[in-house]
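Since the structure comes first, as structure tokens, the remarks are kept for the end.
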Amino acid sequence: MRKRIAIQGIKGSNHHQVAREYFGEQIELVECLSFHGLVDQLLEGKADKGVMAIENSIAGSIIPNYALVYENNLHIIGEHYLNIHHHLMGLRGQTIADIRE
């Protein structure tokens with residue numbers, strides 16, 4: 037039986053990549069719109085495990101996620117480091133000067 041792994045996000049997201057690298061390719065992905073939703077899936081037994089970011093190199097600790105773990109009596113069973121690369125893309129003919137916030 038395939039493990040049901042809850043993630044915040046969708047297939048192709050950073051959390052999906054971590055789930056595959058940590059648990060292997062043979063998983064059933066449970067996509068959640070929020071970290072609260074991820075916790076709900078775990079508590080309701082709709083997912084066997086979850087992948088939740090609790091720290092990142094830009095923002096540091098993600099305190100609300102630590103609170104979710106604590107308040108719902110969840111346990112951290114492992115960790116995974118994911119090196120993330122971002123790319124800036126634009127339409128053909130555009131220049132950096134054309135980009136606005």
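Under the working numbering, read the sequence shown as residues 37 to 137, first letter to last.
Ideal Cβ placement from N, Cα and C applies to all residues, glycine included.
First and last residue of the uninterrupted beta strand (DSSP E) at residue i
| i | result |
| --- | --- |
| residue 86 | 85–87 |
| residue 127 | From DSSP, residue 127 is part of no beta strand (DSSP E); its letter is neither H nor E. |
| residue 63 | 63–68 |
Nearest candidate by alpha-carbon position, reference residue i, set the options
| i | options | result |
| --- | --- | --- |
| residue 85 | 136, 105 and 123 | 105 |
| residue 87 | 124, 129 and 47 | 47 |
Integer Cβ distance of residue i from residue j, believed to fall under 8 Å
| i | j | result |
| --- | --- | --- |
| residue 41 | residue 65 | 6 Å |
| residue 108 | residue 54 | In fact, because the Cβ distance is near 20 Å, the residues do not count as touching under 8 Å. |
| residue 124 | residue 50 | Actually they are not in contact, since the Cβ atoms of residue 124 and residue 50 sit about 17 Å apart, beyond 8 Å. |
| residue 116 | residue 57 | 6 Å |
| residue 45 | residue 67 | 7 Å |
| residue 59 | residue 39 | 6 Å |
| residue 110 | residue 69 | Actually they are not in contact, since the Cβ atoms of residue 110 and residue 69 sit about 19 Å apart, beyond 8 Å. |
Assigned secondary structure, residue i (DSSP; H/G/I helix, E/B strand, else coil)
| i | result |
| --- | --- |
| residue 42 | strand |
| residue 96 | strand |
| residue 91 | strand |
| residue 52 | helix |
| residue 101 | helix |
| residue 107 | helix |
| residue 58 | helix |
N-terminal and C-terminal residue of the alpha helix (DSSP H) that residue i is part of
| i | result |
| --- | --- |
| residue 113 | It is not in any alpha helix (DSSP H) - residue 113 carries neither H nor E in the DSSP assignment. |
| residue 78 | 71–79 |
Sub-8 Å separation of residue i and residue j beta-carbons
| i | j | result |
| --- | --- | --- |
| residue 83 | residue 101 | no |
| residue 135 | residue 129 | no |
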